[in-house]
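Protein chains in written order, with full-length UniProt numbering: chain A, 1 to 279; chain G, 1 to 279; chain B, 1 to 279; chain F, 1 to 279; chain V, 1 to 279; chain U, 1 to 279.
6 protein chains.
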Amino acid sequence: MATDYNYEFFNVTFPVEWVAHVEINRPEKLNAFKEVMWLNISAIFKRLSHDPNVRAVILTGAGDRAFTAGLDVQAASGGLLSDSGPTDGARKANGLRRHILEFQDCITDIEKCEKPVIAILHSISFGLALDMSLACDIRLSTANTQFSVKEVDIGLAADIGTLSRLPRAVGNQSWVKDVALSARIFGSEEALRVGLVSGVYKDKSEAVAEGLKLASLIASKSPIAVLGTKEILNYSRDKSIVDGLQYTAIWNAAMLQTQDVKDAMLSGLQKRKPTFAKL
Amino acid sequence: MATDYNYEFFNVTFPVEWVAHVEINRPEKLNAFKEVMWLNISAIFKRLSHDPNVRAVILTGAGDRAFTAGLDVQAASGGLLSDSGPTDGARKANGLRRHILEFQDCITDIEKCEKPVIAILHSISFGLALDMSLACDIRLSTANTQFSVKEVDIGLAADIGTLSRLPRAVGNQSWVKDVALSARIFGSEEALRVGLVSGVYKDKSEAVAEGLKLASLIASKSPIAVLGTKEILNYSRDKSIVDGLQYTAIWNAAMLQTQDVKDAMLSGLQKRKPTFAKL
Amino acid sequence: MATDYNYEFFNVTFPVEWVAHVEINRPEKLNAFKEVMWLNISAIFKRLSHDPNVRAVILTGAGDRAFTAGLDVQAASGGLLSDSGPTDGARKANGLRRHILEFQDCITDIEKCEKPVIAILHSISFGLALDMSLACDIRLSTANTQFSVKEVDIGLAADIGTLSRLPRAVGNQSWVKDVALSARIFGSEEALRVGLVSGVYKDKSEAVAEGLKLASLIASKSPIAVLGTKEILNYSRDKSIVDGLQYTAIWNAAMLQTQDVKDAMLSGLQKRKPTFAKL
Amino acid sequence: MATDYNYEFFNVTFPVEWVAHVEINRPEKLNAFKEVMWLNISAIFKRLSHDPNVRAVILTGAGDRAFTAGLDVQAASGGLLSDSGPTDGARKANGLRRHILEFQDCITDIEKCEKPVIAILHSISFGLALDMSLACDIRLSTANTQFSVKEVDIGLAADIGTLSRLPRAVGNQSWVKDVALSARIFGSEEALRVGLVSGVYKDKSEAVAEGLKLASLIASKSPIAVLGTKEILNYSRDKSIVDGLQYTAIWNAAMLQTQDVKDAMLSGLQKRKPTFAKL
Amino acid sequence: MATDYNYEFFNVTFPVEWVAHVEINRPEKLNAFKEVMWLNISAIFKRLSHDPNVRAVILTGAGDRAFTAGLDVQAASGGLLSDSGPTDGARKANGLRRHILEFQDCITDIEKCEKPVIAILHSISFGLALDMSLACDIRLSTANTQFSVKEVDIGLAADIGTLSRLPRAVGNQSWVKDVALSARIFGSEEALRVGLVSGVYKDKSEAVAEGLKLASLIASKSPIAVLGTKEILNYSRDKSIVDGLQYTAIWNAAMLQTQDVKDAMLSGLQKRKPTFAKL
Amino acid sequence: MATDYNYEFFNVTFPVEWVAHVEINRPEKLNAFKEVMWLNISAIFKRLSHDPNVRAVILTGAGDRAFTAGLDVQAASGGLLSDSGPTDGARKANGLRRHILEFQDCITDIEKCEKPVIAILHSISFGLALDMSLACDIRLSTANTQFSVKEVDIGLAADIGTLSRLPRAVGNQSWVKDVALSARIFGSEEALRVGLVSGVYKDKSEAVAEGLKLASLIASKSPIAVLGTKEILNYSRDKSIVDGLQYTAIWNAAMLQTQDVKDAMLSGLQKRKPTFAKL
């Protein structure tokens with residue numbers, strides 16, 4: 001089934017049952033992104049979202065040097081940020097707006113994926129590395145990860161999601177402003193302390209192993225329960241408590257009508273591992 | 001006055017002036033909840049809310065083994081989660097929805113209580129332990145507390161408030177997804193680090209003593225000031241800053257018209273403890 | 001140009017290029033605030049917002065004893081909180097409401113300043129110290145800072161912004177309720193742990209030096225990129241992700257049409273420091 | 001079953017199958033409300049909400065003189081609005097706040113009733129008549145109805161829901177401000193034109209007959225479809241389109257799993273009236 | 001260029017300069033929708049959105065008998081609403097949810113189209129006719145249009161947008177509940193009175209002619225001004241005034257940098273028709 | 001006291017007790033606005049808001065030819081819309097944004113005025129006429145009023161409030177899009193039908209007389225009740241019902257503590273006109 005996920009700049013493999021591994025694969029350019037790549041990210045995660053054989057996903061970058069160095073600035077300066085196109089300021093603005101909205105939508109498709117996604121940030125993790133991993137559910141990193149909200153260093157405000165999602169992801173708004181305004185590089189210890197990542201491992205291979213272990217653990221649970229937990233958390237994130245509770249009530253009104261509850265309860269009593277139907 | 005709070009599965013006592021102690025009292029079942037208990041929780045906190053002799057509340061579980069193990073699964077499988085009732089999927093869904101909404105409302109009555117509530121999570125604190133304590137104002141725990149967002153282990157998404165309130169309570173959304181999707185047990189050190197609890201004590205008796213001390217300290221302040229602080233924080237939680245400020249302005253327009261301000265200021269200058277009228 | 005910023009209770013200086021230093025200057029009263037001072041704060045930050053020679057701001061208190069002890073209670077009890085004025089409860093309430101709204105607006109002008117503002121909290125930092133610094137972008141402190149959400153100790157709920165902004169600034173709501181309900185004094189270690197400040201330095205002079213260094217670093221970036229980062233973070237704070245992304249898209253549609261992007265990219269490649277036009 | 005609905009100031013009858021008729025019954029006082037009456041309203045609509053024999057409700061006032069003249073001012077001036085109780089302004093304010101919130105909640109229970117409620121406004125319909133009928137789903141009136149947002153005439157802003165619900169109910173905000181600020185009496189023609197009512201009949205008996213006909217028509221539809229339509233409209237009212245659509249999707253994911261859809265489709269093809277199971 | 005818009009169930013033509021005409025083309029089935037058709041609607045409007053030769057769009061149904069009779073119930077009962085697929089209630093619910101979300105997204109693509117869309121509702125306009133036309137900008141109808149929020153008649157709550165968008169489109173919430181709960185058929189006079197349509201014409205050909213005239217008028221304006229007006233109205237619809245104004249400010253900060261403003265002003269003074277560059 | 005309101009382009013008079021009349025006074029230019037005028041509008045309404053001698057306000061344009069023709073395009077093309085200023089697109093955008101935000105704020109000061117404001121739209125009422133009158137509480141017009149959302153005709157989207165406030169003011173979103181996208185001129189009959197105005201009079205002098213009569217009626221009510229009604233309606237406008245009710249509860253908790261309630265009730269019983277203290 002891996003053949004269904006055939007993209008030039010991505011490797012999609014299935015290292016353990018129910019778990020997909022998406023690897024950004026442009027290591028010679030530090031996994032920097034050009035346009036085709038975010039279109040591919042969207043296509044891959046849309047497919048994983050409904051793939052009955054997938055219950056959890058991990059996301060990494062190929063090679064040892066970078067998760068991703070972010071936007072491929074060279075490619076961008078010939079495209080999105082070039083002087084070509086309309087000279088009228090408003091028309092140019094509309095072209096840019098279309099482009100940014102499309103780019104944002106592609107990255108948001110990671111968030112919309114029904115299955116939990118674990119990002120493993122290793123080595124250079126600049127700019128888009130944050131935009132993307134903040135659209136994932138869980139973030140892990142390694143001892144040598146170098147994080148940076150790099151965008152101000154190329155003269156712009158981060159526009160693919162970091163400025164909307166980072167302040168919700170961590171509990172230190174002074175720190176958010178500090179790193180977003182200064183573009184300074186910070187490491188995993190700091191990322192862990194502020195809550196950007198929830199686990200740090202000594203190197204990439206250990207982090208991948210632990211990520212897969214966590215993905216497998218999640219994949220061993222009822223896919224109905226996992227789906228509901230992800231979707232309700234995402235829905236409730238920027239709603240009031242009252243709205244979140246109402247959504248939860250109707251969600252579970254639908255989703256409690258499953259054999260999984262009985263199977264999960266029974267196997268809990270019997271201390272054995274339950275088997276759940278595909279989603 | 002303790003006789004006013006007479007419930008089979010709860011002890012309500014008044015260990016120090018102005019402070020109520022609500023104890024979940026079903027220790028032989030690890031303080032697991034059946035339906036009558038959440039109805040009682042609602043009744044108790046509605047009464048405490050308006051009780052002029054109460055200015056702060058602590059919430060604990062009876063015995064050493066558990067704050068609460070969560071929903072009494074055995075009782076639930078004969079009730080809410082049983083196969084009885086309508087067979088039509090939609091009618092069954094509506095029955096479930098009514099049930100969940102009522103259950104949520106009961107727990108929200110803790111949040112609506114005008115007086116601050118301090119939860120002391122000790123030993124087993126699974127599932128509903130989080131739903132309930134997240135509706136409290138302050139969370140303390142002990143060295144041996146075992147926390148778990150347990151619901152995915154019984155095949156469902158947590159639906160009594162955890163998925164709405166937990167992400168606002170702590171500053172590490174990656175960690176929230178991690179524990180909510182994996183149902184893994186975690187301890188007080190981790191809970192403290194992410195901000196789920198704001199204090200950890202060596203055992204239950206020390207935690208209760210410290211909880212009572214904090215409750216007493218709060219109870220020594222102007223009840224008008226304490227009420228306003230709780231209510232404005234709750235109102236502002238999921239509003240914009242602009243809306244929060246406007247609500248605050250009219251709140252204090254009403255609540256500054258009190259003798260308490262003068263008494264508090266004067267006793268501050270005179271370095272003595274003020275006495276405030278009942279609320 | 002410092003002469004443009006001539007106020008009795010504030011010193012405004014320009015210690016390094018592009019950076020303004022606003023100092024609360026009433027050290028003999030622990031920098032406590034009376035009405036003229038919050039009107040001045042508003043005037044100063046409105047001017048800094050559009051001053052082309054300013055790209056970042058630091059805010060401190062004069063002297064070693066206090067950033068600010070908060071509201072000048074003596075002045076307030078002769079004014080806002082006095083018994084003079086209307087005796088009709090509703091008319092008194094309306095007078096208070098007008099007063100609170102005006103006071104809030106003045107402090108919010110710090111938040112609205114287009115340039116990043118770094119608060120350096122040192123020594124006594126009570127009440128208004130929090131309201132003000134929470135309207136700043138970045139908070140630093142010193143080993144001896146004494147913080148307190150002091151308002152309940154004078155019989156009222158904090159009404160100039162703390163109760164709206166503090167819960168968003170840090171990732172520990174249990175702690176927020178703890179300090180806001182108890183008015184207890186806490187130190188920098190605790191402030192750092194919960195995320196209220198993002199850096200602690202050994203004393204005021206080191207903190208000011210580090211604050212200036214950070215301000216200079218930010219001031220060395222494209223002013224367009226810095227402006228956008230601050231404004232989008234502020235706008236997105238209490239909007240949904242979807243709304244934040246849409247706002248970001250149109251913002252950058254306008255703001256990518258700048259020479260700064262090219263200059264920043266080029267100087268990045270050439271490893272030299274770019275120069276940007278004034279804002 | 002009417003005996004289950006035995007209240008001094010309300011008649012609850014079941015004039016046609018599936019339809020309840022709630023009549024405010026204090027005609028000698030123009031159906032003016034005192035406290036017990038809004039507590040009763042709450043109790044009645046909570047019960048109707050879950051009563052399997054009820055699928056639609058109409059609400060009227062007894063007698064020919066009034067739907068209701070609003071709050072019983074005499075009763076109120078001895079209670080809520082009296083000088084008794086605390087003299088401290090803040091404590092008095094808190095007592096009033098508790099009272100208003102409880103009163104609002106009782107009226108909101110009409111809105112929360114799972115079954116559609118049709119208000120038939122006839123003759124004098126002042127103050128609370130609007131608060132109540134705006135919590136209903138459909139409003140009808142008669143040629144002689146006299147409407148007034150009467151509250152400013154007794155020195156206060158309407159506080160039981162009119163100021164929140166009226167602007168959403170009609171499409172003429174200039175008119176809303178006009179009638180709410182002037183307290184002027186207006187008639188059914190005007191109410192129809194601005195959309196406050198959706199039908200006007202020549203007198204009370206015709207209006208009741210038409211109201212019952214409409215209630216019967218609604219009661220003849222699938223109760224699952226009717227419930228969903230009411231609940232989704234209420235939920236979506238003050239949410240964004242995006243949020244409303246997401247809620248709708250999960251609602252119907254649960255509620256399409258019903259025999260009613262098949263029965264309704266089939267009877268549609270066969271041009272016969274379907275029979276649906278109770279809710 | 002019409003060849004770019006080649007779909008079995010839709011005719012896309014360009015009757016006048018800058019104006020596209022989208023015609024639902026399944027007249028033998030009263031233009032009822034099956035799945036391929038909403039996928040096509042999405043594809044068509046996504047393309048129109050960026051087509052530089054299009055500045056306004058009209059939407060009609062082929063033939064004289066119907067704009068659309070709504071969902072093709074026969075097709076649906078073999079698909080979405082069939083008994084096939086998973087028997088587990090939760091898995092069935094998730095399948096339905098995916099389906100509904102995808103269907104909603106397709107219809108929302110009309111709303112997202114950058115160019116104004118005018119729906120011309122004629123003859124039978126049931127169910128989906130409302131979902132679709134409510135995602136358009138302007139609604140016109142004919143003397144013989146038969147409208148119905150038909151969904152309750154097939155046992156379900158309308159789930160493709162009507163219940164979210166209709167209450168915002170018209171100013172008579174009592175009427176919205178009336179028609180949505182009763183599924184009764186209503187005509188153009190009523191639709192005009194409540195504001196569902198803003199123009200009624202004697203028959204389809206006149207309505208199409210008038211729709212084209214209006215589309216041409218809009219197409220004669222600056223495409224930048226038209227785009228901004230549509231997008232700001234849509235964005236502001238369910239935001240606060242404050243948020244709407246901020247979005248508007250940055251929008252126009254980008255979009256005032258256009259030659260169109262000068263051209264429009266000048267041609268206004270010179271009483272001649274301006275020519276604007278393509279978007 | 002009229003001398004306090006001395007502005008070159010505005011006449012402020014006090015034609016009847018408690019009522020102010022603000023007249024835009026640049027009739028030779030059809031009352032078109034240049035920058036100083038919106039700054040003055042802000043200053044005037046801020047002062048009226050707190051002026052104890054004012055309880056209601058009417059707003060008109062001097063002369064018979066126009067309420068206002070909108071922005072003075074000639075002045076604007078030499079200022080805001082000129083080619084002077086920065087050539088860098090982003091810096092130009094920021095200048096425009098500052099300008100628009102300041103302009104919006106000035107007009108919003110009409111909305112923030114504590115006293116109800118009645119706009120009387122007569123003759124030419126283009127562009128800014130709508131922005132301004134939509135920030136008023138009540139809109140009246142005359143038989144000859146010519147309305148137009150004129151902005152698209154000068155190549156831009158309306159940015160001073162119309163696109164945010166108009167859709168909330170009227171109940172016909174199709175019509176809103178129609179007039180906003182086409183810039184067509186419409187008259188009072190249409191304005192009345194859609195709810196943009198709530199009264200139409202035969203000419204300006206009659207409209208002013210009726211406006212004054214309505215202002216006087218409102219001014220005869222308790223100023224506390226009037227203030228509360230305006231402020232709660234404005235606050236609730238874009239909040240949820242739940243939030244609006246909570247705000248209302250604390251508002252009235254403060255504002256019921258007034259002599260006005262007793263005076264209003266008593267004079268109601270005694271059928272005499274009450275006298276209320278100044279606000």
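Yeah, the Cβ is synthetic: ideal placement off N, Cα and C, and Gly gets one too.
Legend entry - Coil, strand or helix - F/Ala50 by DSSP: Strictly speaking, residue 50 of chain F in this sequence is His, with Ala absent from that position. Note: F/His50 maps to helix in three-state DSSP.
Inset, instruction - Please work out which residues of its chain come closer than 7 Å, Cβ to Cβ, to U/Ser188, disregarding the five sequence neighbours upstream and downstream, and give them in chain order. - result: Ser141, Thr142, Ala143, Thr145, Val197 and Val200
Inset, instruction - Using three-state DSSP, classify G/Pro223 as helix, strand or coil. - result: helix
Inset, instruction - Check each candidate in U/Tyr235, U/Pro223, U/Ala225 and U/Asn6 and name the one with the smallest Cα separation from U/Glu111. - result: U/Tyr235
Inset, instruction - Could you have a look at G/Ile160 and say whether DSSP puts it in helix, strand or coil? - result: coil
Inset, instruction - Taking 8 Å as the threshold, find out whether the region 57 to 76 of chain U comes into contact with the region 111 to 129 of chain U through three or more Cβ pairs. - result: yes
Inset, instruction - With a 10 Å radius around its C-beta and 16 neighbouring C-beta atoms as the bar for buried, classify G/Arg237 as buried or exposed. - result: buried
Legend entry - A/Tyr201 - containing beta strand (DSSP E), residue span: Gly199 to Tyr201
Legend entry - Any 3 or more C-beta pairs closer than 8 Å across the region 157 to 168 of chain U and the region 219 to 236 of chain U: no
Inset, instruction - Counting only the same chain and skipping the five closest in sequence on each side, list residues whose C-beta sits under 6 Å from that of V/Ile100. - result: Asp159
Legend entry - V/Val149 (DSSP reduced to helix, strand or coil): coil
Legend entry - B/Glu189, enclosing alpha helix (DSSP H) - first and last residue: Ser188 to Val194
Legend entry - Through-space distance from A/Tyr5 to residue 280 of chain A, alpha-carbon basis: The shown model of chain A, from 1 to 279, leaves out residue 280 of chain A, and the question about it has no answer.
Inset, instruction - Could you confirm whether any beta carbon from chain B is found closer than 7 Å to the beta carbon of G/Asn252? - result: yes
Inset, instruction - Would you mind reading off the limits of the alpha helix (DSSP H) that contains residue 280 of chain A? - result: There is simply no residue 280 of chain A to check, as chain A begins at 1 and stops at 279 in what is shown.
Inset, instruction - Whole angstroms is fine: what's the gap from A/Ala180's alpha carbon to B/Asn252's? - result: 16 Å
Inset, instruction - Counting only the same chain and skipping the five closest in sequence on each side, list residues whose C-beta sits under 8 Å from that of G/Arg47. - result: Asp4 and Tyr5
Legend entry - Whether V/Val16 touches V/Leu227 by CB criterion (7 Å): no
Legend entry - Selection from A/Asp260, A/Gly89 and A/Lys177 that minimises the alpha carbon distance to B/Leu214: A/Lys177
Inset, instruction - Please decide whether B/Val261 counts as near chain A, where near means a Cβ-Cβ distance under 7 Å. - result: yes
Inset, instruction - Please check the pair residue 318 of chain F and F/Ala76, which I expect to be a contact at CB under 8 Å, by giving their CB distance rounded to whole angstroms. - result: Nothing about residue 318 of chain F can be read from this structure; chain F reaches only from 1 to 279.
Legend entry - Proximity to A/Cys136 [Cα-Cα], best of A/Leu156, A/Arg168 and A/Ser148: A/Arg168
Inset, instruction - Name, please, each residue of chain B whose Cβ falls closer than 7 Å to the Cβ of F/Val242. - result: Val242
Inset, instruction - To the nearest angstrom, report how far apart G/Ile185 and G/Ala119 are at their CA atoms. - result: 19 Å
Inset, instruction - Say whether chain B places a C-beta atom closer than 7 Å to the C-beta of F/Gly95. - result: no
Legend entry - Residue interval of the alpha helix (DSSP H) (run including F/Ser240): Looking at the DSSP string, F/Ser240 is not in any alpha helix (DSSP H), and its letter there is neither H nor E.
Inset, instruction - Name, going along the chain, the residues of the region 166 to 178 of chain U whose beta-carbon falls closer than 9 Å to a beta-carbon of chain E. - result: Absent from the structure: chain E. Protein chains present are A, G, B, F, V and U.
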